[in-house]
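Asker: Residue numbers (our numbering): 1 to 301. Dropping the structure in here first, questions after.
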Amino acid sequence: MEPDLFAASPSGDALSVTELTGKIKRLLETSFRTVRVEGEVSNYKRYEASGHRYFSLKDEGAQIRVVLFRGHERNIFGEIRDGQTVIVTGSLGVFEKKGEYQIYARSAEARGAGNLLLELERRKRRLAEEGLFDAARKRPLPPFPRRLGIVTSLHGAVLRDMVRVARSRFPGVAIVLAPSPVQGEGAAAEIAAALDALYASGDADVVLVGRGGGSIEDLWAFNEEAVVRAIVRSPVPVISAVGHETDFTLADLAADHRAPTPTAAAQMAVPDRVELLDRVAALSLRARRADARSRETARQE
1 MEPDLFAASP SGDALSVTEL TGKIKRLLET SFRTVRVEGE VSNYKRYEAS
51 GHRYFSLKDE GAQIRVVLFR GHERNIFGEI RDGQTVIVTG SLGVFEKKGE
101 YQIYARSAEA RGAGNLLLEL ERRKRRLAEE GLFDAARKRP LPPFPRRLGI
151 VTSLHGAVLR DMVRVARSRF PGVAIVLAPS PVQGEGAAAE IAAALDALYA
201 SGDADVVLVG RGGGSIEDLW AFNEEAVVRA IVRSPVPVIS AVGHETDFTL
251 ADLAADHRAP TPTAAAQMAV PDRVELLDRV AALSLRARRA DARSRETARQ
301 E
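Listed below in structure tokens is the structure:
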């Protein structure tokens, strides 16, 4: 009869969390020394300081976390990115502090674009053929906007950061908010509706639309055709600010300007009052000096 690995200790005491997790760790690591798993990459991150990569592999029914340490970078064949289908070879292990099991990858092989990336590429080509991303339709930003329209979620740091930066740079600017969910089912339709409501009000000289970072699934609403077309039909310039600097969506291609982050979008949208005052002071000083030189020349004549 095989021993029960998860039975209480001989004294009858209950197992501690650490003891139970340790038993699970030993069982998994001895039973799954080598696994080879295919799935679609999601929530991919590479940390520059360490060089380690972290992502999830998923299919229609499940997902599992993957860690690929820097020492195995030479065993990456093809590009790893969100939406990419890859085959990972490694061992199964347990991260005890969080009680999570994950694959410690020794190699990763790209298998071609995942479903989301394929759909994104098809949509990008079709909309580009319509001219929706043409550089000729991009408009310059107004130098001194009086009203700044913002389409984003009411929750989270993005809205606070945009408002804080805009008002610190240009205190007189009015903020006009058209709130909308930025991810999940129905988010694209709500973003498009918020944009249209802002246009109809006539209350914005420039529009910022965006959200914070996330996986390709989190950002997907900004790849939907409804959002792209809503941006294109804007009567005023639009700045997109979706995710982080490395994130790109179809909304970025449709917008008049693309900012790498929401904070950068606010900086792009309004001038800096301090810089303007410094410039005025410098011009005033130059004018006074020129006038003084002119008067001195006149006296000498």
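The beta carbon of each residue, even a glycine, is placed where N, CA and C say it ideally should be. Since the structure is predicted, the reported quantities are computational estimates derived from the model, not experimental observations.
Can leucine 68 and alanine 105 be called in contact, C-beta distance under 7 angstroms?
Answerer: On the sequence shown, position 68 is the one that residue 68 refers to. On the sequence shown, position 105 is the one that residue 105 refers to. Yes, Cβ-Cβ distance for leucine 68 and alanine 105 is below 7 angstroms.
Asker: Short of 7 angstroms in beta carbon distance, which residues of its chain neighbour aspartate 247, apart from the five on each side in sequence? Order them along the chain.
Answerer: Numbered from its first residue, the sequence shown carries residue 247 at position 247. So the qualifying residues of the chain are Gly213 and Leu219.
Asker: Less than 7 angstroms separating the beta-carbons of valine 232 and alanine 254?
Answerer: Within the sequence shown, numbered from 1, the residue matching residue 232 stands at position 232. Within the sequence shown, numbered from 1, the residue matching residue 254 stands at position 254. It is a contact, given that the beta carbons lie within the stated cut-off.
Asker: Between the Cα of alanine 178 and the Cα atoms of Glu185, Glu296 and Val207, which residue gives the shortest distance?
Answerer: For this step, residue 178 is matched to residue 178 along the sequence shown. That would be Val207, whose Cα lies nearest to the Cα of alanine 178.
Asker: Using the C-alpha atoms, what's the distance from alanine 174 back to isoleucine 103?
Answerer: As a first step, residue 103 must be located in the sequence shown, where it is residue number 103. As a first step, residue 174 must be located in the sequence shown, where it is residue number 174. C-alpha separation (whole angstroms): 50 angstroms.
Asker: Could you give the DSSP three-state label for leucine 20: helix, strand or coil?
Answerer: The sequence position of residue 20 within the sequence shown is 20, counting from 1. Three-state DSSP puts leucine 20 in a helix.
Asker: Between the segment 184–192 and the segment 221–229, do at least 3 Cβ pairs fall closer than 8 angstroms?
Answerer: Yes, they touch.
Asker: What are the partner residues of lysine 124, as DSSP defines its beta bridges?
Answerer: Counting from 1 along the sequence shown, the entry for residue 124 is found at position 124. In DSSP, lysine 124 forms no bridge with anything.
Asker: So within the segment 31–81, which uninterrupted beta strand (DSSP E) runs reach at least 3 residues, ignoring any that extend past its ends?
Answerer: For the segment 31–81, whole beta strand (DSSP E) runs of length 3 or above, ordered along the chain, are 35–46, 53–58 and 63–68.
Asker: Give the list of continuous beta strand (DSSP E) stretches no shorter than 3 residues that lie fully inside the segment 156–185.
Answerer: If we require 3 residues or more, the beta strand (DSSP E) runs fully inside the segment 156–185 come out as 174–177.
Asker: Count the other C-beta atoms from every protein chain shown that fall within 10 angstroms of the C-beta of aspartate 272, then say buried if there are 16 or more, exposed otherwise.
Answerer: Indexing the sequence shown from 1 puts residue 272 at position 272. Classification of aspartate 272: exposed, given that the 10 Å Cβ count is below 16.
Asker: Just to confirm my understanding: we take threonine 89, look at its own chain, exclude 5 residues before and 5 after, and list those with CB closer than 6 angstroms. What are they?
Answerer: Numbered from its first residue, the sequence shown carries residue 89 at position 89. Excluding sequence neighbours, threonine 89 sits near Arg36, Arg106 and Ser107.
Asker: Give me the Cβ distance between serine 50 and glutamine 63, rounded to the nearest whole Å; I'm assuming they're in contact under 8 angstroms.
Answerer: Along the sequence shown, read from residue 1 onward, the residue named residue 50 stands at position 50. Along the sequence shown, read from residue 1 onward, the residue named residue 63 stands at position 63. In fact, because the Cβ distance is near 23 angstroms, the residues do not count as touching under 8 angstroms.
Asker: I need the DSSP call for glutamate 96, collapsed to helix, strand or coil.
Answerer: As a position in the sequence shown, residue 96 is number 96, starting the count at 1. Residue state, collapsed to three classes: coil.
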